[in-house]
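Offset between the sequence shown (1-based) and this note's numbering: plus 179. Below is one structure, written out as structure tokens; the observations come after it.
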Amino acid sequence: MSHSWINHHAWFSRRHVLLASGPAFGKALPQRRRAPIEQSTESAMTRLQQLLAQSPRGRFGIDTLQLMIGAPWVRYTVLPWQDNLKRDADWQGYARVLLGQQYGVGTETWRVQVAEGVYGRPRLAAAMDQGLYQTLVDMAKNQKLRLTQCEPLLTAAINRHHKSLKGKEFALLLIEAEHTTCVFWRSGWRASVTLPFALNPRPDGEALAALVRDASMLVSDFMPRQVYVVSSDIQLSGLSAEGMTLHTLGGVHPRFAWPADWREAAEPVLAGPA
Numbered sequence: 180m181s182h183s184w185i186n187h188h189a190w191f192s193r194r195h196v197l198l199a200s201g202p203a204f205g206k207a208l209p210q211r212r213r214a215p216i217e218q219s220t221e222s223a224m225t226r227l228q229q230l231l232a233q234s235p236r237g238r239f240g241i242d243t244l245q246l247m248i249g250a251p252w253v254r255y256t257v258l259p260w261q262d263n264l265k266r267d268a269d270w271q272g273y274a275r276v277l278l279g280q281q282y283g284v285g286t287e288t289w290r291v292q293v294a295e296g297v298y299g300r301p302r303l304a305a306a307m308d309q310g311l312y313q314t315l316v317d318m319a320k321n322q323k324l325r326l327t328q329c330e331p332l333l334t335a336a337i338n339r340h341h342k343s344l345k346g347k348e349f350a351l352l353l354i355e356a357e358h359t360t361c362v363f364w365r366s367g368w369r370a371s372v373t374l375p376f377a378l379n380p381r382p383d384g385e386a387l388a389a390l391v392r393d394a395s396m397l398v399s400d401f402m403p404r405q406v407y408v409v410s411s412d413i414q415l416s417g418l419s420a421e422g423m424t425l426h427t428l429g430g431v432h433p434r435f436a437w438p439a440d441w442r443e444a445a446e447p448v449l450a451g452p453a
């Protein structure tokens with residue numbers, strides 16, 4: 180059955196690009212496919228275009244594309260409050276300085292986003308390569324898709340679950356296939372760190388608690404007793420740890436809920452010699 184309008188949701192992880200495509204209205208299940216990628220913009224773009232070519236399209240040519248960018252394509256930092264920063268450009272410049280210090284690299288080619296926040300509180304910043312972002316914009320245009328969102332995965336997780344994040348102090352643990360990002364909250368975001376993570380589909384709560392403790396020591400922050408866990412890569416159930424309460428919130432997006440029946444994309448058929 181042909182639908183009038185298809186929403187495409189893509190997720191860039193370290194080794195895969197995943198695409199969930201389904202009608203904008205109704206309860207029809209989306210078509211979900213993934214394709215392996217190398218750690219290069221060219222590989223990621225090629226695979227995403229391949230997935231889109233194998234996905235349904237709407238009749239009216241108004242299909243949309245929403246992107247979530249995971250580690251290591253995106254990096255995060257927390258910006259302590261500064262009274263003298265009035266404009267968005269000032270906060271972005273400040274973020275570039277702290278990102279450069281935290282990761283030890285130049286940030287001239289990064290696209291920086293600073294999340295809105297309450298006056299007087301620290302703000303969360305994310306950065307990705309500007310060349311990758313522009314390539315995504317151009318690709319969406321060439322595919323005749325409206326790029327409605329290009330969001331860092333951590334930001335997507337926070338925005339989806341913000342009503343469940345309660346307490347004066349806690350940590351949020353975002354688990355991906357090969358990375359985990361831990362951010363700490365005490366009357367505002369305080370610190371963030373991304374660490375390598377050996378994926379176990381059914382992780383042990385004590386192992387996750389140890390990961391949070393390592394993250395806390397790395398950023399010299401407090402040891403949280405409340406930890407919120409978000410992931411679309413592992414099964415979030417039955418997690419417990421001594422001295423720490425693990426609250427499982429679910430996946431990063433409804434179309435990337437775990438467990439997902441991801442079909443491997445078919446290899447493109449290459450034309451033979453004439």
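We put the CB at the ideal spot given by N, CA and C, even for glycine. It should be emphasised that the depicted structure is a prediction, and the values quoted were computed from it without experimental measurement.
Alpha carbon to alpha carbon, how far is Ser183 from Pro202? The residue you call residue 183 lines up with position 4 of the sequence shown. The residue you call residue 202 lines up with position 23 of the sequence shown. Answer to the nearest angstrom: the Cα atoms are 8 Å apart.
When the Cα atoms are used, what is the spatial distance from Pro235 to Ser200? The sequence position of residue 235 within the sequence shown is 56, counting from 1. The sequence position of residue 200 within the sequence shown is 21, counting from 1. Whole-angstrom Cα-Cα distance: 7 Å.
Just to confirm before moving on: does the CB-CB distance between Val276 and Arg369 stay below 8 Å? Residue mapping note: residue 276 aligns to position 97 of the sequence shown, counting from 1. Residue mapping note: residue 369 aligns to position 190 of the sequence shown, counting from 1. With contacts defined as CB atoms closer than 8 Å, Val276 and Arg369 fail to qualify as a contacting pair.
Going straight from the alpha carbon of Ala420 to that of His340, what length do you get? Position 241 of the sequence shown, counted from the first residue, corresponds to residue 420. Position 161 of the sequence shown, counted from the first residue, corresponds to residue 340. About 22 Å.
Could you name the residues that DSSP lists as bridge partners for Arg211? Numbered from 1 along the sequence shown, position 32 holds the residue referred to as residue 211. Note: Arg211 is bridge-paired with Ala199 in the DSSP secondary-structure output.
Arg296 to Trp260 span [Cα, whole Å]: On the sequence shown, residue 296 is found 117 positions in, with the first residue counted as 1. On the sequence shown, residue 260 is found 81 positions in, with the first residue counted as 1. The sequence given here places Gly at residue 296; Arg does not occur at that position. Taking the straight line joining both Cα atoms gives about 10 Å.
If we call anything under 8 Å between Cβ atoms a contact, is Gly310 one with Thr220? As a first step, residue 310 is located in the sequence shown; it is residue number 131 there, counting from the start. As a first step, residue 220 is located in the sequence shown; it is residue number 41 there, counting from the start. Yes, the pair counts as a contact, with Cβ atoms nearer than the cut-off.
In angstroms with no decimal places, state the Cα-to-Cα distance between Leu397 and Glu385. Taking the sequence shown and counting its residues from 1, the one referred to as residue 397 is at position 218. Taking the sequence shown and counting its residues from 1, the one referred to as residue 385 is at position 206. Here the alpha carbons of Glu385 and Leu397 stand approximately 18 Å from one another.
In the stretch 313–358, which residue ranges form an unbroken alpha helix (DSSP H) of at least 4 residues, counting only runs that do not cross its ends? You should have 332–340.
Could you please give me the residues that DSSP links to Asp308 through a beta bridge? For the purposes of this step, residue 308 is identified with residue 129 of the sequence shown, where counting begins at 1. Trp289, per the DSSP bridge assignment.
I'd like to check one pair, Leu230 with Val284: are the Cβ atoms closer than 8 Å? Start at 1 with the first residue of the sequence shown, and residue 284 comes out as number 105. Start at 1 with the first residue of the sequence shown, and residue 230 comes out as number 51. Not in contact: Val284 and Leu230 (Cβ atoms no closer than 8 Å).
What are the boundary residues of the alpha helix (DSSP H) that includes Tyr407? If you number the sequence shown from 1, residue 407 lands on position 228. Here Tyr407 belongs to no alpha helix (DSSP H); instead the beta strand (DSSP E) covers Gln405 to Ser410.
Could you tell me the boundaries of the alpha helix (DSSP H) in which Leu244 lies? Mapped onto the sequence shown, residue 244 falls at position 65. Counting along the chain, Leu244 sits inside no alpha helix (DSSP H); it lies in the beta strand (DSSP E) bounded by residues Thr243 to Ile248.
Alpha-carbon spacing of Ser192 relative to Lys347, whole angstroms: In the sequence shown, residue 192 corresponds to position 13, counting from 1. In the sequence shown, residue 347 corresponds to position 168, counting from 1. Going by the C-alpha atoms only, they are around 31 Å apart.
With 16 other CB atoms within 10 Å as the buried threshold, where does Phe204 fall? As a first step, residue 204 must be located in the sequence shown, where it is residue number 25. Counting C-beta atoms within 10 angstroms of its own C-beta, Phe204 has fewer than 16 neighbours from the protein chains shown and is therefore classed as exposed.
From the DSSP secondary-structure annotation, give me the bridge partner or partners of Thr427. For the purposes of this step, residue 427 is identified with residue 248 of the sequence shown, where counting begins at 1. Thr427 is bridged to Val408.
Is Ser500 helix, strand or coil when you go by DSSP? Limits of the chain in this structure are 180 at one end and 453 at the other, which puts residue 500 out of reach.
Given that a residue counts as buried once 16 or more other Cβ atoms are within 10 Å of its Cβ, and exposed if not, what is Asn186? Here residue 186 refers to the residue found at position 7 of the sequence shown. With 16 or more other Cβ atoms within 10 Å, it is buried.
Please state whether the Cβ-Cβ distance between Leu198 and Arg212 is less than 8 Å. Here residue 198 refers to the residue found at position 19 when the sequence shown is read from its first residue. Here residue 212 refers to the residue found at position 33 when the sequence shown is read from its first residue. Yes, they are a contact pair.
Around the C-beta of Leu374, are 16 or more other C-beta atoms found within 10 angstroms, so that it is buried, or is it exposed? In the sequence shown, counting from the first residue as 1, residue 374 sits at position 195. Classification of Leu374: exposed, given that the 10 Å Cβ count is below 16.
Is Ala189 helix, strand or coil by DSSP? In the sequence shown, the residue the question calls residue 189 occupies position 10. Collapsing the DSSP output to three states places Ala189 in a strand.
So, Leu278 versus Ser343, is the Cβ gap smaller than 8 Å? Position 99 of the sequence shown holds residue 278. Position 164 of the sequence shown holds residue 343. Taking 8 Å as the Cβ cut-off, Leu278 and Ser343 do not qualify as a contacting pair.
Delimiting residues of the beta strand (DSSP E) encompassing Tyr255: In the sequence shown, counting from the first residue as 1, residue 255 sits at position 76. Run containing Tyr255: Val253 to Leu258, per the beta strand (DSSP E) assignment.
Where Trp184 sits in the DSSP three-state scheme: Within the sequence shown, numbered from 1, the residue matching residue 184 stands at position 5. The answer is coil: DSSP assigns Trp184 none of H, G, I, E or B.
Can you name, in chain order, every residue of its own chain whose Cβ lies under 6 Å from the Cβ of Ala319, other than the five neighbours on each side? Here residue 319 corresponds to residue number 140 of the sequence shown, with the count starting at 1. In chain order, Leu244 and Leu326 place their CB closer than 6 Å to the CB of Ala319, counting only its own chain and leaving out the 5 sequence neighbours on each side.
For Ala450, which of helix, strand or coil comes out of DSSP? Position 271 of the sequence shown holds residue 450. Note that Ala450 scores 33 on pLDDT, short of 50, meaning its location in the model is unreliable; the coordinates nonetheless yield the value given after this. Here Ala450 carries a coil assignment [DSSP, helix/strand/coil].
Closest by C-alpha distance to Ser399, when choosing among Glu287, Cys361, Gly422 and Gly430: Translated into the one-based positions of the sequence shown, residue 399 becomes position 220. Out of Glu287, Cys361, Gly422 and Gly430, Cys361 has the C-alpha closest to the C-alpha of Ser399.
For Gln313, tell me which candidate among Asp269, Gly430, Arg290 and Gly272 has the shortest Cα-Cα distance. Position 134 of the sequence shown, counted from the start, is the residue given in the question as residue 313. The residue with the shortest Cα to Cα distance from Gln313 is Arg290.
Expected contact under 8 Å - CB spacing of Ala356 and Asp412 to nearest Å: The residue given as residue 356 occupies position 177 in the sequence shown. The residue given as residue 412 occupies position 233 in the sequence shown. Going by Cβ atoms, the distance from Ala356 to Asp412 rounds to 5 Å, so yes, they are a contact pair.
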